[in-house]
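Asker:
This is the structure:
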């Protein structure tokens with residue numbers, strides 16, 4: 004074992020860089036720096052109500068980004084997360100408002116619909132060998148259309164389902180700590196993120212998610228049925244989009260069938276800022292969460308500063324490029 | 026005679042690593058100077074400094090007496106230094122001519138490309154190399170060997186005075202190696218200096234004039250190739266003597282037949298291949314590139330579909346339609362291309378060892394026990410002598426030999442008792458090679474059934490209890506192992522083409 | 002390295018674009034306007050009207066809206082950010098009224114008056130609404146269409162949206178007027194192009210292919226109307242009566258060249274102006290009318306340069 008320690012001595016940096024701790028630190032430091040920066044420049048920024056507004060603005064994009072992270076780690080991409088979210092919201096609307104079913108059934112139906120659609124995407128990718136970009140692009144459009152068809156092109160309101168809007172707008176935390184009325188939507192985001200993190204880190208499904216992104220052929224030649232695992236991952240991501248659908252429907256107290264296009268790109272941006280590699284094999288949920296928070300803080304902060312809207316978009320774009328560049332530079336250094 | 030290249034006292038640091046320590050190297054016109062050393066010895070780093078990919082942190086680099094510091098590969102090319110990388114860098118979707126002239130295509134007015142001139146110039150280079158290849162062929166459609174030839178043509182097209190070849194024969198068969206040597210000798214006679222990096226000792230004797238050995242980033246010494254025995258060079262490389270034990274073919278007697286393959290056929294690649302292997306036996310598969318050995322292995326393993334054929338494992342017919350079925354039957358396949366087919370390189374040693382056996386570590390709900398995975402991994406790290414700082418090290422950071430051991434551990438853990446090794450020592454150091462050989466012998470002794478596919482005849486003869494030889498998709502014979510079989514016997518079978526095959530057997 | 006550049010970049014962009022933010026004094030009257038859109042010329046005209054009022058009365062405004070009119074939740078986030086900045090009043094054009102109600106209540110409880118504009122807010126919280134009567138305006142478009150095609154024939158509608166209030170009102174205003182007053186005119190189809198020029202062009206071409214004997218098409222907003230003109234031009238159809246909605250350079254040119262018969266214009270500058278003016282009145286505790294009709298006009302080649310019309314048109 005002497006040789007082992009020799010190698011360790013030769014590469015003192017390898018351990019730190021490989022653990023990804025550095026990247027997380029970097030993203031987290033950027034988030035803190037943004038918060039401090041905005042607080043210094045605007046006295047209105049650092050208020051409890053505004054912090055809660057930021058968290059709430061993160062909740063839907065965060066959940067979608069968690070779903071996108073899973074698929075991206077396999078080396079794929081999911082363009083359908085936005086419209087799938089809408090589709091699930093519409094399904095909840097149909098079950099709850101049109102059919103008058105109980106609340107729990109509507110929520111379950113929405114999540115199940117998400118998982119089912121994810122399974123469809125997964126089948127296209129794994130079994131029919133359609134590239135993920137194309138398969139999920141197709142799903143994105145199919146779901147956008149279906150949402151409009153099923154809803155009759157009208158928003159479906161949840162006025163007849165008492166408690167539905169509390170899923171996102173209510174605050175269990177606020178009942179316990181009245182000074183901290185963090186909405187349930189945020190709580191749900193963190194629960195989803197913790198669950199996804201656990202699945203990625205501790206389960207067979209998670210391990211195969213990384214393995215597929217790292218080298219799919221090697222996994223297949225190890226005797227693993229890669230198709231089935233891939234389908235499971237897409238289904239899981241779909242189910243998470245279903246949760247996203249519930250969150251947005253509850254927040255708007257309505258299922259908006261025309262919504263959703265463009266949300267996939269923001270989710271992917273959060274994933275990328277969080278340090279997940281688009282080529283697969285690497286990524287963390289915590290990073291994605293921080294990425295989503297950075298986007299929300301940035302948007303909110305620039306608004307509070309009354310920066311002209313044109314410039315807000317420019318800055319956000321620049322941040323995405325900067326974040327990915329920093330990640331690349333770090334990886335190159337780590338060799 | 027002035028020196029083409031003169032490097033002295035070269036220093037190079039990477040974060041946390043002192044990669045080159047006062048290394049010296051020189052090259053005179055018209056010589057082949059071999060650069061030897063185990064992986065990680067610093068050969069590639071030194072050559073990357075010569076070819077402008079890295080910049081040196083100390084020392085001097087003179088080209089034809091002038092001190093230079095190329096900062097880009099392009100500058101080095103302009104100084105007359107061409108490099109052929111170990112990992113091929115061709116663009117698969119371009120033609121070979123487009124590849125060769127990438128970045129300096131002949132042009133017509135208004136920036137239009139002159140495809141005709143491009144193809145004509147390429148054809149000229151191919152003719153000078155005695156290479157029969159259409160310049161308009163897509164690079165991706167070529168075999169690895171032919172792609173290597175294209176890389177050489179690309180370097181030649183730069184009219185280089187210095188040509189660095191990093192393991193140029195790694196993917197070539199004997200006939201192609203002979204062709205390559207003809208080209209190298211022609212370049213030599215034209216006064217080109219060639220730096221030749223290789224692990225193959227027998228090649229040095231044939232082609233090299235001088236040999237420089239490096240170890241752990243340090244210069245060990247330079248000797249004349251003609252009057253230095255191989256054992257001396259190896260001793261310089263590993264810092265100790267490596268002794269080769271002669272092969273003992275065990276008497277397996279009536280040991281059970283572990284794997285029986287009959288009538289295996291697939292497309293044009295495999296024709297009616299039948300053989301059997303006993304428990305505890307090492308069966309070698311010899312043949313030229315493209316003889317269909319890898320294809321046989323992949324078909325048995327279910328990685329590619331087969332047209333017909335019967336596979337019996339321990340006497341029972343098994344239906345194998347995917348790798349999953351093969352693994353269930355206890356067959357493991359270790360691909361020649363570990364990076365693409367063997368390892369999830371971005372993941373750590375622990376996960377790679379467990380890759381085929383996740384179910385062993387998972388609860389009913391699919392939750393993994395990382396503790397169990399770690400202790401299992403550590404057990405194999407010790408058992409197989411895998412050199413790694415910990416079981417959490419990413420496998421891409423391990424040496425080739427240790428990567429191979431990780432793949433072996435994966436299959437042992439899966440309880441596979443039939444293991445097919447495809448080129449088990451490709452890209453592995455001399456020192457580590459004998460370790461792998463020893464490991465294969467131990468496995469056979471423990472009752473595993475081993476199939477070894479190799480393009481290196483010494484390796485086949487060193488390991489095999491019996492030697493199956495293939496030619497153009499057919500099994501042309503099975504020879505006994507040990508000293509009764511000579512390389513000539515094997516080559517005879519490896520070139521025994523079927524009459525019907527000679528018509529279609531092109532490429 | 003990343004974090005340092007990160008802050009520098011963000012801050013320099015922020016300070017460059019918003020020097021005013023640093024100077025915000027406690028007694029300054031700040032009125033954010035959260036609109037339904039931002040990029041379209043129509044919204045820019047609303048913004049310029051609002052700015053005009055702000056300059057006149059010496060208050061500070063900001064004007065924001067989501068990238069497209071489906072992004073309901075993004076608009077809510079904008080409203081939340083606006084509330085964080087201690088505004089004296091808020092101007093708001095809801096994409097979906099229900100979704101905004103919790104925040105509007107919060108503003109109301111804090112004593113911040115809300116002025117609704119454009120499509121308004123479906124609630125009794127706003128103290129006033131500055132808007133165009135879209136139903137009546139589309140009805141006027143129907144009257145003009147009937148007049149141009151001689152009271153009988155076939156017409157179609159290229160609408161911008163099937164869910165929003167303006168989309169629904171303009172479509173229904175046109176279709177209902179036809180049904181009530183012109184029995185010999187058939188509205189053969191209503192198609193949606195999302196207000197996108199290109200999509201509306203394709204939609205128009207499809208309609209014309211399916212109905213070669215069509216007499217007229219009504220485009221319900223700027224993007225739809227231009228799409229109709231493009232589609233007709235690409236197919237080379239002649240003798241078709243096109244009536245548009247809103248203005249913009251392309252639409253004005255089409256009217257001048259005779260490609261388009263005419264268009265309905267709202268008064269976007271007036272909407273912006275009246276919104277801010279009403280907000281200031283509310284802040285000062287003065288009475289404001291519950292509904293401010295900002296008006297609409299029909300314009301064609303004959304009156305496009307009329308000062309009264311030209312004042313409400315935008316490029």
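Residue numbers (the working numbering), protein chains in the order written: chain A, 4 to 338; chain B, 26 to 532; chain C, 2 to 316. In this text, a Cβ means the ideal position worked out from N, Cα and C, and glycines have one as well. The model shown is predicted, which means the values in this text are computed figures rather than measured ones.
Count the other CB atoms, across all protein chains shown, that sit within 10 Å of the CB of residue 373/B; report buried if there are 16 or more and exposed otherwise.
Answerer: With 16 or more other Cβ atoms within 10 Å, it is buried.
Asker: On the DSSP bridge assignment, give the partners of residue 446/B in chain order.
Answerer: The partner list for residue 446/B (beta bridge, DSSP) reads 359/B and 477/B.
Asker: Can you find a CB in chain B that lies within less than 8 Å of the CB of residue 269/A?
Answerer: It does not: the Cβ of residue 269/A has no partner Cβ on chain B nearer than 8 Å.
Asker: Give every residue of the same chain whose Cβ lies closer than 6 Å to the Cβ of residue 59/C, excluding the five residues on either side of it in the sequence, and list them in chain order.
Answerer: Within the same chain, residue 59/C has no close Cβ partners at all.
Asker: Leaving out five residues on either side along the sequence, give the residues of the same chain with a beta carbon under 7 Å from the beta carbon of residue 211/C.
Answerer: Once the five neighbours on either side are set aside, residue 211/C has no close Cβ partner at all.
Asker: What is the rounded straight-line gap between the Cα of residue 524/B and the Cα of residue 120/B?
Answerer: Bear in mind that the predicted position of residue 524/B carries a pLDDT of just 49, short of 50, making it unreliable; the figure below should be weighed with that in mind. Their backbone Cα atoms lie some 33 Å apart in a straight line.
Asker: Please confirm whether residue 183/A and residue 191/A have their CB atoms less than 8 Å apart.
Answerer: Cβ atoms of residue 183/A and residue 191/A: not closer than 8 Å.
Asker: Could you name the residues of the segment 215-240 of chain A whose beta carbon sits closer than 8 Å to any beta carbon of chain B, in the order they occur along the chain?
Answerer: Those would be 216, 217, 218, 220, 221, 222, 223, 224, 225, 226, 227 and 228, in chain order.
Asker: Under 7 Å Cβ-Cβ, which residues of chain A neighbour residue 79/C?
Answerer: Chain A residues near residue 79/C: 306.
Asker: With the cut-off set at 8 Å, would you say residue 215/C and residue 156/C are in Cβ contact?
Answerer: Yes, these two residues count as a Cβ contact at 8 Å.
Asker: Could you check whether the Cβ of residue 156/A sits closer than 8 Å to any Cβ belonging to chain B?
Answerer: No, because no Cβ of chain B sits closer than 8 Å to the Cβ of residue 156/A.
Asker: Could you round the C-beta distance between residue 251/A and residue 74/C to whole angstroms and report it? I think they count as a contact, below 8 Å.
Answerer: Right, their Cβ atoms sit about 6 Å apart.
Asker: For residue 223/C, does the three-state DSSP call read helix, strand or coil?
Answerer: In the structure shown, residue 223/C sits in a helix (DSSP, three-state: H, G or I).
Asker: Give the list of continuous alpha helix (DSSP H) stretches no shorter than 4 residues that lie fully inside the segment 159-211 of chain C.
Answerer: You should have 166-182 and 198-211.
Asker: Specify, as a first and last residue, the run of the alpha helix (DSSP H) that residue 237/B falls within.
Answerer: That residue, residue 237/B, is in no alpha helix (DSSP H); its beta strand (DSSP E) goes 235-240.
Asker: Given that residue 213/A touches chain B, what residues does it touch there, using C-beta distances under 7 Å?
Answerer: What residue 213/A touches in chain B: 372.
Asker: Quick one: using the 10 Å Cβ neighbour count with 16 as the cut-off for buried, is residue 148/A buried or exposed?
Answerer: Classification of residue 148/A: exposed, given that the 10 Å Cβ count is below 16.
Asker: Quick one: grab the DSSP three-state call for residue 287/C.
Answerer: Correct three-state label for residue 287/C: coil.
Asker: What distance in whole Å lies between the Cβ atoms of residue 101/C and residue 122/C, which are believed to be in contact at a cut-off of 8 Å?
Answerer: Rounded, the Cβ-Cβ distance is 7 Å, consistent with contact.
Asker: Which residues in the same chain as residue 482/B place their Cβ atom closer than 7 Å to its Cβ, once the five residues preceding and following it in sequence are excluded?
Answerer: Contacts found: 311, 512 and 515.
Asker: Which residue wins for smallest C-alpha separation from residue 245/C, given the options 272/C, 81/C, 161/C and 66/C?
Answerer: It is 161/C.
Asker: Do residue 332/B and residue 290/B have their CB atoms nearer than 8 Å?
Answerer: Their beta carbons are under 8 Å apart, which means residue 332/B touches residue 290/B by this criterion.
Asker: Excluding the 5 residues flanking residue 246/B on each side, which residues of the same chain have their C-beta closer than 7 Å to its C-beta?
Answerer: These residues qualify, in order along the chain: 238 and 261.
Asker: Going straight from the alpha carbon of residue 420/B to that of residue 433/B, what length do you get?
Answerer: Cα to Cα, the separation comes out at about 13 Å.
Asker: For the segment 44-77 of chain C, which residues have a CB atom closer than 9 Å to at least one CB atom of chain A, in sequence order?
Answerer: Per Cβ criterion, the list reads 61, 63, 64, 65, 66, 68, 69, 70, 71, 72, 73, 74, 75 and 77.
Asker: Give the single residue among 108/A, 43/A, 245/A and 239/A whose Cα lies nearest to the Cα of residue 92/A.
Answerer: The residue with the shortest Cα to Cα distance from residue 92/A is 245/A.
Asker: Alpha carbon to alpha carbon, how far is residue 117/A from residue 240/A?
Answerer: Residue 117/A and residue 240/A: Cα-Cα distance of roughly 8 Å.
Asker: Within 10 angstroms of its Cβ, does residue 490/B collect 16 or more other Cβ (buried), or is it exposed?
Answerer: When all chains shown are included, residue 490/B counts as buried.
Asker: What whole-angstrom Cβ distance do residue 84/B and residue 33/B have, given they're in contact under 8 Å?
Answerer: Contact flag correct, Cβ pair sits at about 6 Å.
Asker: Can you give me the start and stop residues for the beta strand (DSSP E) that residue 297/B sits inside?
Answerer: Unbroken beta strand (DSSP E) run through residue 297/B: 295-303.
Asker: Tell me the start and end of each unbroken beta strand (DSSP E) in the segment 163-233 of chain B that is at least 3 residues and wholly inside, in chain order.
Answerer: You should have 187-191 and 218-222.
Asker: Classify residue 383/B as helix, strand or coil using the three-state DSSP reduction.
Answerer: Three-state DSSP puts residue 383/B in a helix.
Asker: Give me the Cβ distance between residue 224/C and residue 201/C, rounded to the nearest whole Å; I'm assuming they're in contact under 8 Å.
Answerer: The pair is a contact, with the Cβ atoms about 6 Å apart (cut-off 8 Å).
Asker: Which residues in the same chain have their Cβ closer than 7 Å to the Cβ of residue 332/A, if we skip the five residues on either side of it in sequence?
Answerer: So no residue of the chain qualifies.
Asker: Residue 298/B CB to nearest chain A CB: under 8 Å?
Answerer: Not one chain A Cβ lies under 8 Å of residue 298/B.
Asker: Interface residues of chain A around residue 82/C at Cβ under 7 Å?
Answerer: Within 7 Å Cβ-Cβ: 56, 303, 306 and 307.
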